[in-house]
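Notes follow once the structure below has been shown.
Numbering (the working numbering), first residue to last: 27 to 331.
As structure tokens, this is what we get:
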């Protein structure tokens, strides 16, 4: 098999590996996840092609270009090859520019931190000059939903819907509608991360961060704190419920009628158990903030995808 045949086989294997990469990711539950998974598939294919090319060349050299047994002589005094140096300099430059361009276009289409305004998201591979295509599920909003206030603290989440006078420790979102947020932290750096949506944003103390994405699949998902924010940061997680507009509006109405009460606080429970224990860890830790007082709360025991 010639060099062209080997390169073709490598391309085929790399493309197949790129398609397999989709299976390694959680459920695609947001319009952004479609774009992120395409980018991840692309990078997996490119990485596979480079890996096979480099390792294949090394193996070929080890097997077929070895010196004869007991041969103590030096190799031939080969000097620099201008064309070879041009190729191995130009190829990495082109690859870096290509990968960087695809990555930039992907994050530009996602528009996670852009001002709160409707925007279109075109799919990868759109021909320049053509009309922008939307990612499946990223539909035109039927209503301009107000931003949801996200308050993070050590170690709990609180979501406030100011226009509906609702506060909750469970995030509810209408499907196929652009969800808009105002992220704040009351103490240290936190990370707003929903794996099924492929979105993550650091929440910086003293700043209000505008953030947005579009959920496209109904279900229950998990929101986690992706930043190490202290001893009990692993307990700083809650559920995200994506539902129809009708169910979302009914939930807002029902939640508004519920009297405010202290929500479940896993971090505080863990801290109390540790404080009552007889074994001292030998270092001080931050006492968790009091449980949020909310209209609606959920349990970490609730199932999710």
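Idealized CB from N, CA, C, for every residue including glycine.
Buried or exposed (CB count within 10 angstroms, at least 16 for buried), residue i
{"i": "residue 77", "result": "exposed"}
{"i": "residue 44", "result": "buried"}
{"i": "residue 249", "result": "buried"}
{"i": "residue 92", "result": "exposed"}
{"i": "residue 49", "result": "exposed"}
{"i": "residue 234", "result": "exposed"}
{"i": "residue 86", "result": "exposed"}
{"i": "residue 182", "result": "buried"}
{"i": "residue 301", "result": "exposed"}
{"i": "residue 155", "result": "With a pLDDT of only 39 at residue 155, under 50, the local geometry of the prediction cannot be trusted, and the value read off the model is given with reservation. So residue 155 counts as exposed."}
{"i": "residue 42", "result": "exposed"}
{"i": "residue 152", "result": "Residue confidence for residue 152 is low, a pLDDT of 36 falling below 50, so the modelled location carries little weight; the figure read from the coordinates is stated next. Exposed: under 16 other Cβ atoms inside 10 Å."}
{"i": "residue 111", "result": "exposed"}
{"i": "residue 88", "result": "exposed"}
{"i": "residue 29", "result": "exposed"}
{"i": "residue 199", "result": "buried"}
{"i": "residue 147", "result": "Its pLDDT being 45, under 50, residue 147 is placed unreliably in this model, and the value from its coordinates should be taken loosely. Buried."}
{"i": "residue 170", "result": "exposed"}
{"i": "residue 229", "result": "buried"}
{"i": "residue 60", "result": "buried"}
{"i": "residue 280", "result": "exposed"}
{"i": "residue 123", "result": "exposed"}
{"i": "residue 104", "result": "exposed"}
{"i": "residue 237", "result": "buried"}
{"i": "residue 90", "result": "exposed"}
Contact under 9 Å by Cβ, residue i with residue j
{"i": "residue 247", "j": "residue 55", "result": "yes"}
{"i": "residue 51", "j": "residue 224", "result": "yes"}
{"i": "residue 314", "j": "residue 254", "result": "no"}
{"i": "residue 323", "j": "residue 195", "result": "yes"}
{"i": "residue 310", "j": "residue 262", "result": "no"}
{"i": "residue 282", "j": "residue 319", "result": "no"}
{"i": "residue 36", "j": "residue 106", "result": "no"}
{"i": "residue 190", "j": "residue 278", "result": "yes"}
{"i": "residue 72", "j": "residue 119", "result": "no"}
{"i": "residue 138", "j": "residue 239", "result": "yes"}
{"i": "residue 256", "j": "residue 176", "result": "no"}
{"i": "residue 82", "j": "residue 32", "result": "yes"}
{"i": "residue 231", "j": "residue 211", "result": "yes"}
{"i": "residue 260", "j": "residue 291", "result": "no"}
Nearest-angstrom beta carbon gap, residue j and residue i [assumed within contact, 8 Å]
{"i": "residue 227", "j": "residue 209", "result": "6 Å"}
{"i": "residue 332", "j": "residue 204", "result": "Here the chain comprises residues numbered 27 to 331, so residue 332 is not present and cannot be evaluated."}
{"i": "residue 197", "j": "residue 264", "result": "7 Å"}
{"i": "residue 178", "j": "residue 186", "result": "That belief does not hold up - the Cβ atoms of residue 178 and residue 186 are roughly 12 Å apart, past 8 Å."}
{"i": "residue 217", "j": "residue 252", "result": "3 Å"}
{"i": "residue 287", "j": "residue 53", "result": "Not confirmed; about 32 Å, so no contact."}
Below-9 Å beta-carbon distance, residue i vs any chain C residue
{"i": "residue 176", "result": "No chain C is present in this structure, which holds just one protein chain."}
* Please confirm if the stretch 266 to 284 is in contact with the stretch 237 to 247, defined as three or more CB-CB distances below 8 Å between the two stretches. => yes
* Entirely within the stretch 225 to 289 and at least 3 residues each: give me those beta strand (DSSP E) ranges in chain order. => 225 to 229, 235 to 239, 245 to 251 and 263 to 269
* To do: Report yes or no: do three or more beta-carbon pairs, one from the stretch 58 to 67 and one from the stretch 112 to 132, lie closer than 8 Å?
  => yes
* To do: Could you tell me which uninterrupted alpha helix (DSSP H) segments, each at least 4 residues in length, are contained entirely in the stretch 60 to 131, listed from first to last along the chain?
  => Runs of the alpha helix (DSSP H) inside the stretch 60 to 131: none found.
* **In chain order, each beta strand (DSSP E) run of at least 3 residues that lies wholly inside the stretch 174 to 205** => 174 to 179, 182 to 187, 192 to 194 and 197 to 200
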